[in-house]
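Down below is the structure, laid out as C-alpha cells.
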Amino acid sequence: MKRKTYKTSETVDFIVVGSGSSGGIMARELARAGNSVVVMEQGPRLAPEDFEHDELKYRNLSGITNNPATNPQTFRNSENEVAKPVSGRNPLTYARVVGGSSSHFNANFWRLHEIDFIEGSRLGPIEGASLVDWPITYAELEPYYTMVEWEVGVSGLAGASPFDPWRSKPYPMPPLPVKSSGVLFERGARKLGLHPFPAPMAINSVFYKDRPPCVQCGLCGGFGCEVMAKSSSVWTVIPEAEATGRCEVRPESYVFRIGMNKAGRATGVHYFDGDRNEQFQKARAVVVCANGAETPRLLLNSAPDGSADGLANSSGAVGRYLMFNKGGGAQARFEHPLNEYKGANVTRILHDFYDSDPKRGFYGGGGFDARSGGPLTWGQNVPKGTPTWGPGFKEYLESYTYWMNCSGHGTSLAVESNRVDIDPELKDAWGVPAIRVTHKDHPDDTKHAKWQVERAVEIMDAAGATQIVPGEIGEATGGVHLLGTCRMGNDPATSVIDKYHRTHDVRNLFLCDGSSMVTSGRGQPTQTIEALAFRAAEHIARFARANEI
Amino acid sequence: MEQSNPSRRQFLTAIGNLASAGWLAMNWPQIAHAAEHAGHSAHGMDHAVAAAPTTFKTLSPAQGAEVDAIANLIVPGGSTPGARDASVAYFIDNALGSFFAAQLPAFTQGLSEFASAYAARYGTAQPFSAAPEAQQIAWLQEVEKTPFFSAMRRLTVLGLIALPKYGGNRDYLGWQLIGVEDNHAWEPPFGYYDIDYPGFEPYPGTKPYTA
C-alpha cells in the first residue's frame, strides 16, 4: 500500500503529536471520520524484525526509549532543591518509536472501576493532595473501554472477578495460558480467601484482526513484539489509520513548539525532521498525544511571546499533579523451577484490595499480579543476606528459574507540587529546553505501598514459597506511568482540558494521553488512556463536522 | 541445514502449533529474521563460537588479565560455567570501548587504584591476577565496597547474561548457568507448577463468559 503523504505547506485538518496508545487511536478515528491527519512521532518507525530479544539493549542502553544522552531530564524532590540529572537513566521513561510506549508495554489492560471517577467526593479531601472527581463517569467511558477491547484487541475472562465493574460485552479473546507464577499466585490467594482471576492482557491469545497469537517468548515489558501479537498501536490502529488514505505517519519528526497566531489559535507545529532541520506543518487543529511528560513539556515550551507560563496554562495546572502509580510487592522462591522467562509476563491478578479502605488509616488501593522479569535485570540485585559475589552469589544466579514476583500496583495521589516543568539550563541534543521533574511521594502512597508489601508476602507464603524477599519501599525517583499533568475538569481555573479534551484556553488545541487523567487508577492506566482516546476522537470529529473548532 | 538446528526447529514447532499455515507463510521471513537477530536460529552456536573475541581492544592485555581474574572470582568456574568460561572480560572490554565508553576513564582509574593498593597491601610487584586464589579473595573482601568493585560486579553480571554478540555469554554458557534455554518461542507447560493446572474455577456468585 502506498502511504499518503502531505506537504508541510498544505493545511491538514489535524496534526496528532505522538503515535502511541492514544495518538494511534486518535489518528485512526479522525482519519476514518474523513479528516486529513499527520501524525508526528519523535522516534523512528521500526519493522517487526527490528525488535530484538536483547535485554541489554532495551533495559540498559535505551534501545527504544528516550535516551538520557540525547533527551536528558533532571530531578529533584522539592522546589527548594536544584534539579540534577539522574545517573544513567531518565526519571520519566517512555518509548520513542512509532507506537510509542504501547510498543514496549507489558500489556496489562485493567479498566478503572466506578469508584475511580468519584473518589474526590467519596473520600476527599486529603491533606496535601488534590483528590477530585473526574468530569466523566465510568458509565460514560464504558462503551469506549469495550471499543478498546474489541478494536485494539484484549484477551481475558469477563465476569471472573467479583470486583469487576459492569461491562457491556465480554473480551473478544480468551485469556492467555497460565504460567507457573500464575498458578502459585492463584493457589496462595485462594487459600487466603482472595479472588485471583485470569489477567486481561492486550496480547492476542488467538488469531485476531489479522494478527497471530502470542508465541510466549517471555519478553513483553520493555520489548517490542516482533510477531505483532501484542496490541501495540504500531501493529493495530496505525496501519488502519493509514489504510484510510488520509493519514500520514511522519517518523523522526520531533515537535518542539506549537505554532500560534495573534488570534490565539493554533496554526500547526514546529518540528525537527530526521536531519534536524526545522520544519513547520500547517493544520486546522492540533491534538497532542505525546504522553504525560512530553505533552506538558511541549505546552510549556510553546509559551506565546511575553508569557512565562506556557501555552493553554491559564490554570497553572500544566505539568502539575504528576502521578506514577506507586506499589509494593515481594519476590519469592519455590521448590521447583517456574521458568518465568517463558510466556507473557502476567497471567493472574486480583482486585480484592482495589478500593481504598478508611479503616487502614490511609488512602490507597490497588491490585496484585504474578509476574516475571528478565534475567539481566534480576541478576543485578540479591536478597539481603545473599553474597554479592563468589560461590554463594553464583548459587543465587543458578536459582533464577525458581523465582517469581508478586507485585502490587496502586494509587498515587495528585499533589500540586509534583510536576513536570522546564529545566532553566539543560537542553537536549536538538537544543530544546529539557524536562525538570519535581516529585515527592505523598505519605499515604508510601504507607499503601508498604501495606501492599505485607499482602504480597502473605500471598507468597500461602503459596508455599521457600524464601520470600519483601520489596523495599523508597522514595520514587521516576516512573513509566506518566499521569495527571494536564488534568481534565469542568473548571478552567483548576484544569487544563475540558471533558472533551479541548484545552480551556485554545479552541483548536486538544490533549489526550496519560496527562488527561484526574486520578491515577490502580497501576495499569493504558486501557483508560486508550478509552479516553476513542471517546475524545469521537467528540473532536463531531466538533470538526459542526465547524466548532 | 537450517532444519537441523535445534533452536530453529523448536521455534518452528512453537510457531506451527500456534499459527495457521497461511499466516506463517506470509510472515515467516520477518519472524525468521527477528529470530536470527537474537542469535536463536541459523547462525546458532557455531556462529557464536566463531565470533567470540580472543583479544582485548580497549583494555591492555595486563588490564584484561586483571579484569578476567576479578570477574572469575565474582562468578567462579568449576563444575558449572563461570565468568571466564563465558568470556565476561571480553564483554567488559567491548562495553567500555563502545556503549559504556563514558565509564572507561573512571573504570581504568579504579582498576589502577585497585592494583596499586593491592601491591602496597601485599608488598608485591606481581599483579593481582598472579596471586594465589586465597589471597585474591582476601583482597576482594577488603575492597568489595568500592565503586570500582561495584562496577566490576555489574559488568560481570551483564557480561554473563547479555547476548553473545556483545562479547560475553560465550556459547550461551551464562544462560546455561542460570537455567535459561536458548529458544525464541515457547508453549505451555512453562514450568513445574502449571503442568497439572486444572483450569480456572469460577467463584460463587460469578458467571464468567466469553465471546
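Sequences listed follow chains A and B, in order.
Under the working numbering, the residues of the first sequence are numbered 1355 to 1903, in order.
Under the working numbering, the residues of the second sequence are numbered 48 to 258, in order.
Cβ coordinates follow ideal geometry from the N, Cα and C atoms, glycine included.
Item: Since residue 213 of chain B meets chain A, which of its residues come closer than 8 Å, beta carbon to beta carbon?; Value: 1410
Item: Taking the CB atoms as reference points, tell me whether residue 1397 of chain A and residue 1452 of chain A lie closer together than 8 Å.; Value: yes
Item: Check this for me: beta carbons of residue 1832 of chain A and residue 1445 of chain A, under 8 Å apart or not?; Value: yes
Item: Could you tell me which chain A residues have their CB closer than 8 Å to the CB of residue 140 of chain B, listed as they occur along the chain?; Value: Chain A residues near residue 140 of chain B: none, gap ~15 Å exceeds 8 Å.
Item: Mind listing the chain A neighbours of residue 200 of chain B? Cutoff is C-beta to C-beta under 8 Å, in chain order.; Value: 1742 and 1743
Item: Where does residue 1781 of chain A sit, in a helix, a strand or coil, going by DSSP?; Value: strand
Item: Run through chain B and tell me which residues come within less than 7 Å of residue 1695 of chain A, C-beta to C-beta.; Value: 227
Item: Looking at the unbroken alpha helix (DSSP H) that takes in residue 1602 of chain A, where does it start and where does it end?; Value: Premise fails: residue 1602 of chain A lies in the beta strand (DSSP E), 1601-1604, not in any alpha helix (DSSP H).
Item: For the beta strand (DSSP E) containing residue 1502 of chain A, list its first residue and its last residue.; Value: Element bounds for residue 1502 of chain A: n/a, residue is neither H nor E.
Item: Using a Cβ cut-off of 8 Å (strictly closer), state whether residue 1562 of chain A contacts chain B.; Value: no
Item: Distance, Cα to Cα, residue 201 of chain B vs residue 1461 of chain A?; Value: 29 Å
Item: Mapping the DSSP letters down to three states, classify residue 186 of chain B as helix, strand or coil.; Value: helix
Item: Within 10 Å of its beta-carbon, does residue 233 of chain B have 16 or more other beta-carbons around it, so buried, or fewer, so exposed?; Value: buried
Item: Taking Cβ-Cβ distances shorter than 9 Å, what residues in chain B pair up with residue 1752 of chain A?; Value: 127, 224, 225 and 226
Item: Is residue 211 of chain B buried or exposed, if buried means 16 or more other CB atoms sit within 10 Å of its CB?; Value: buried
Item: Step through the CB atoms of chain A and report whether any lies within less than 8 Å of the CB of residue 191 of chain B.; Value: yes
Item: Please report the straight-line C-alpha distance between residue 1760 of chain A and residue 1610 of chain A, rounded to a whole angstrom.; Value: 40 Å
Item: My assumption, with CB atoms under 8 Å, is that residue 123 of chain B sits in contact with residue 1748 of chain A. Please give the rounded CB distance.; Value: 6 Å
Item: Counting C-beta neighbours from all protein chains within 10 Å, is the total for residue 1672 of chain A 16 or more, i.e. buried, or is it exposed?; Value: buried
Item: Taking residue 243 of chain B as part of the beta strand (DSSP E), name the residues at either end of that continuous run.; Value: That residue, residue 243 of chain B, is in no beta strand (DSSP E); it is neither H nor E in DSSP.
Item: Hey, how far is the Cα of residue 1648 of chain A from the Cα of residue 1425 of chain A?; Value: 11 Å
Item: Kindly give me the distance between the Cβ atoms of residue 1860 of chain A and residue 1665 of chain A, rounded to whole angstroms, as I take these residues to be in contact under 8 Å.; Value: 7 Å
Item: Against residue 258 of chain B, what residues of chain A qualify as contacts under a CB-to-CB distance less than 8 Å, listed in chain order?; Value: 1523, 1524, 1525, 1526 and 1527
Item: For residue 1480 of chain A, which three-state DSSP category applies?; Value: coil
Item: Name the chain B residues that come within less than 9 Å of residue 1507 of chain A, Cβ to Cβ?; Value: In chain order: nothing, as chain B lies at least about 12 Å away.
Item: What in chain A is Cβ-close to residue 105 of chain B, meaning under 8 Å?; Value: Going along chain A, no residue has its Cβ under 8 Å from residue 105 of chain B, so there is no contact; the nearest lies around 17 Å.
Item: Anything in chain C within Cβ reach of residue 1747 of chain A, meaning under 8 Å, just list it in chain order.; Value: Of the protein chains in this structure, namely A and B, none is chain C.
Item: Does the beta carbon of residue 1730 of chain A come closer than 8 Å to any beta carbon on chain B?; Value: yes
Item: Excluding the five sequence neighbours on either side, which residues of its own chain have a C-beta within less than 6 Å of the C-beta of residue 60 of chain B, listed in chain order?; Value: Bear in mind that a pLDDT of 46 at residue 60 of chain B, under 50, signals an unreliable position, so the number given afterwards is only what the model happens to contain. Excluding residues within five positions, none has a Cβ falling inside 6 Å.
Item: When you compare only the Cα positions, how much space is there between residue 213 of chain B and residue 192 of chain B?; Value: 27 Å
Item: So which residues of chain B does residue 1738 of chain A contact, with C-beta pairs closer than 9 Å?; Value: The premise fails here: residue 1738 of chain A is roughly 16 Å from chain B at the closest Cβ pair, so nothing lies under 9 Å.
Item: Starting from residue 1823 of chain A and walking both ways along the alpha helix (DSSP H), at which residues does that stretch end?; Value: Premise fails: residue 1823 of chain A lies in the beta strand (DSSP E), 1821-1824, not in any alpha helix (DSSP H).
Item: For the segment 1801-1809 of chain A against the segment 1530-1542 of chain A, do three or more pairs of beta-carbon atoms, one drawn from each stretch, fall closer than 8 Å, so that the two count as touching?; Value: no
Item: Rounded to whole angstroms, what is the Cα-Cα separation between residue 1617 of chain A and residue 1603 of chain A?; Value: 29 Å
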